[in-house]
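Residue numbers (my numbering): 80 to 244.
Given below as structure tokens:
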């Protein structure tokens with residue numbers, strides 16, 4: 080059943096299912112919920128690109144390459160920071176959609192003003208939204224959460240290594 084059969088007063092762009100579809104079509108967020116191979120390949124590409132970019136910036140800003148180890152560690156730290164920020168941003172975006180899908184009510188605005196309207200989802204729509212949240216978004220959220228923690232630990236290790244050089 081679709082939303083129109085329930086006379087859903089929520090505007091199309093504020094419905095959780097439509098927000099999910101919009102986020103899923105976005106290239107900035109799609110890589111997070113793909114299969115593991117695509118996920119890790121995307122992370123690797125982002126890291127390599129940010130590593131090369133930061134290496135380029137560090138080399139240009141300093142003409143002296145006397146301490147190549149410092150340049151490499153600094154580039155690794157920069158790459159890890161960029162990847163961590165991108166993962167954190169993706170996590171926050173998917174977490175917002177996940178919470179909207181799992182809730183039984185949908186707060187919305189009919190006009191430009193916040194008028195505090197709330198729509199209670201019918202059981203069929205609530206079940207559909209929760210199935211999507213549980214089986215399509217939640218595994219990606221768990222993967223992103225573990226990735227952010229792992230990257231943060233790597234970042235701390237790289238920073239401590241950089242301090243010792």
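Just so you know, even glycine gets a beta-carbon here, dropped at the ideal spot from N, CA and C. From a predicted model like this one, the values you see are computed outputs, not experimental measurements.
Which of the three DSSP states is assigned to residue i in this structure?
i: residue 185; result: strand
Using the rule of at least 16 other Cβ atoms within 10 Å of the residue's Cβ for burial, across every protein chain shown, is residue i buried or exposed?
i: residue 202; result: exposed
i: residue 186; result: exposed
i: residue 237; result: buried
i: residue 127; result: exposed
i: residue 80; result: Below a pLDDT of 50, predicted positions are generally treated as unreliable, and residue 80, at 48, falls in that range; the measurement from the model is reported next regardless. By the neighbour-count rule (16 or more Cβ atoms within 10 Å), residue 80 is not buried but exposed.
i: residue 92; result: exposed
i: residue 223; result: buried
i: residue 129; result: buried
i: residue 195; result: exposed
i: residue 105; result: exposed
i: residue 169; result: buried
Span of the beta strand (DSSP E) holding residue i?
i: residue 93; result: Neither: residue 93 is in no beta strand (DSSP E) and is coded neither H nor E.
i: residue 112; result: Taken as a continuous stretch (DSSP letters only), residue 112 belongs to no beta strand (DSSP E), as it is neither H nor E.
I'd like to confirm something about residue i: is its beta-carbon nearer than 7 Å to some heavy atom of the ligand COA, or not?
i: residue 94; result: With respect to the ligand COA, the structure offers nothing, as it holds no ligand at all.
Are residue i and residue j touching if we call contact CB-CB under 8 Å?
i: residue 103; j: residue 109; result: yes
i: residue 163; j: residue 227; result: yes
i: residue 173; j: residue 210; result: no
i: residue 99; j: residue 167; result: no
i: residue 112; j: residue 215; result: yes
i: residue 165; j: residue 125; result: yes
i: residue 134; j: residue 119; result: no
For residue i and residue j, which I take to be in contact (beta-carbon distance under 8 Å), what is that distance rounded to the nearest angstrom?
i: residue 246; j: residue 176; result: Residue 246 lies beyond the range of the chain shown here (80 to 244); nothing can be said about it.
i: residue 241; j: residue 160; result: Actually they do not touch by this definition, with Cβ atoms about 12 Å apart.
i: residue 86; j: residue 156; result: That belief does not hold up - the Cβ atoms of residue 86 and residue 156 are roughly 54 Å apart, past 8 Å.
Residue range of the alpha helix (DSSP H) that residue i falls in?
i: residue 211; result: 202 to 211
i: residue 232; result: 217 to 243
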